[in-house]
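I have placed the structure first, in the form of structure tokens, so that the comments after it can refer back to it.
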Amino acid sequence: MLRLTRLRLTRYRSYPEAELRFTAPLVVLAGPNGAGKTNLLEAISLLVPGRGLRGARISEVATGGAPPWAVSGRFDDGLGGFEVGTGTAEEGGPDRRAFRLDGEKLRAQSELAERVAAVWITPQMDRLFQESAGGRRRFLDRLAMALEPHLAREVSAYETAMAGRNRLLAQTREGRRAEPAWIAGLEDAMARHGIAIAASRRALVGRLNATLEAGAAGDFPRAVLALQDPAAELLDTMPALAAEDALRAGWAGSRGRDAAAGATLAGPHRADLLFTHGGKGIAAGLCSTGEQKALLISTVLAHAGLIAAARGFAPLLLLDEVAAHLDAERRSALFAALAALPAQSFLTGTDPEVFSPLAGKAEHWTVSPGQACRNPLP
Ligand SMILES: Nc1ncnc2c1ncn2[C@@H]1O[C@H](COP(=O)(O)OP(=O)(O)OP(=O)(O)O)[C@@H](O)[C@H]1O
Ligand SMILES: [Mg+2]
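The numbering of the sequence shown is my numbering, which starts it at 11 and goes up by one.
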């Protein structure tokens, strides 16, 4: 099991300096509002590629908003372990961060994705089913990246190519000529990376549904997932190369429309992930808050099991304020499912009593501004 055994923070949000050593696969962080619980989860989330669980600007996480800051994590992977460090980069401005693996500077974040993964559920995600597709797509991509780390590279290459295409189309709208071969070249890159992205997402959703159907979420209400993405649907009926051709032809034919809109209107960057409550057969958007949380949890639990089986280690699970929304029965189903998973989980809450069924099974930290102390669960 991949485990974070030591977390060290330097000038990180409310923590001028802190070090936490974790020994258990299940970690409870409890403390009052504003104590710094979410900050700890966020710091852990920054040990993997991406912008962390708040999607914060890099400069903003420094104490007082004044860089530099640093976070490091020691991981035990059963093979001698490794150390990940991140923080303000030396070059490129305050909003760039750098990574180190065992003290060596990393050139690409994707190297890190080969070693660590983390998935989170936060209170902000309560709006996931009401809001636009973007949040659900990012959630899906984080899950898919844990299965196929190279997806991170595909997504950024796709976005770079699309931004280039949008710039050239804007030129044509302003009456300046853009070489059609350049636009076609960017559409070609978008098609190759776009189909790679669609294939990763499609494979993950298929495997997750199968895992969920096989009962991976235990006593949890089972989610049924549906990927809504015309690019992924192409792959249902044709090989990848033909699907790339179809995407290319679609974009070549929509240059006028996209130029007028000032954006590429169709493509994998518009994909959505739809959730249905398996037991009730109703869309997640119509479910209660607790049911929605349960759907996210069952998805994340099934995913952790799937990744552990596929890659030999499960992502760290960062569950912020998750227990608070659940009734006692569902809470014990969650605790039982987490204890059975080969994944390290971090749970936060304001009330340590909520976690009392975990006494003897989880390690417990009391968080207060600027520090965290280990003590037994009440
Ligand atoms: N860059 C920063 N510098 C200093 N303090 C910060 C910074 N960013 C956030 N904080 C402070 O960190 C504190 C703890 O925030 P955090 O969100 O971790 O609390 P929490 O324990 O999760 O609380 P809640 O139970 O309300 O979710 C807040 O009081 C906030 O003002
Ligand atoms: Mg919080």
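Every residue, glycine too, gets a C-beta built ideally from N, C-alpha and C.
- Not one heavy atom of ligand 1 is found less than 6 angstroms from the C-beta of K303.
- The Cβ neighbour count for E141, taken over all protein chains shown within 10 Å, is under 16; the residue is labelled exposed.
- Our two residues, V129 and G91, have alpha carbons roughly 20 angstroms apart in a direct line.
- For ligand 1, a non-hydrogen atom lies closer than 6 angstroms to the CB of S24.
- Each residue's CA atom was taken as its position, placing T98 and A224 some 44 angstroms apart.
- F85 carries a strand assignment under DSSP once its states are collapsed to helix, strand and coil.
- Under the three-state reduction of DSSP output, P26 falls in the strand class.
- Here the alpha carbon of A194 sits roughly 28 angstroms from the alpha carbon of A213.
- The alpha helix (DSSP H) runs of length 4 or more contained entirely in the region 226–284 are, from start to end of the chain, 240–247, 250–263, 265–271.
- The C-beta distance from T132 to L63 rounds to 6 angstroms, short enough to meet the 8 angstroms contact threshold.
- Relative to H335, the option among T358, D87, G315, Y25 whose CA is nearest is T358.
- With a beta-carbon spacing of about 26 angstroms, A281 and R183 fall beyond the 8 angstroms limit used to define contacts.
- For T309, the enclosing alpha helix (DSSP H) covers residues 299–321.
- For the pair of segments examined, the region 304–316 was found to touch the region 228–236: the number of CB pairs separated by less than 8 angstroms reaches three.
- A straight-line Cα-Cα distance of about 18 angstroms links M155 and P352.
- Setting aside the 5 residues that flank it on each side, A45 is surrounded in the same chain by V377, S378, P379, each with a C-beta closer than 7 angstroms to its C-beta; the list follows chain order.
- One alpha carbon belongs to S366, the other to E373, and they sit about 11 angstroms apart.
- As computed with DSSP, Q381 is found in a beta bridge with S378.
- Between the alpha carbons of P386 and V38 lies a gap of roughly 10 angstroms.
- Between the C-alpha atoms of R16 and F32 there is a straight-line separation of about 6 angstroms.
- In the DSSP assignment, L327 forms a beta bridge with V129, S355.
- R18 is positioned such that its CB atom lies closer than 7 angstroms to that of S82.
- DSSP places T182 in the uninterrupted alpha helix (DSSP H) bounded by 161–183.
- Excluding the 5 residues flanking it on each side, F323 has same chain C-beta neighbours closer than 6 angstroms at L12, in chain order.
- Note that the region 174–189 does not touch the region 201–210; fewer than 3 beta-carbon pairs, one per stretch, sit closer than 8 angstroms.
- Bridge pairing for T33: absent [DSSP].
- Pairing I68 with R23 gives a Cβ-Cβ distance that is not under 7 angstroms.
- Within 6 angstroms of the C-beta of K47 there is at least one heavy atom belonging to ligand 2.
- For T20, the secondary structure class from DSSP, reduced to helix, strand or coil, is strand.
- Take V364, set aside five residues on each side of it, and the residues of its chain with a beta-carbon closer than 6 angstroms to its own are A333, in chain order.
- Pairing W261 with E197 gives a Cβ-Cβ distance under 7 angstroms.
- Taking the CA atoms as reference points, P388 sits about 26 angstroms from K303.
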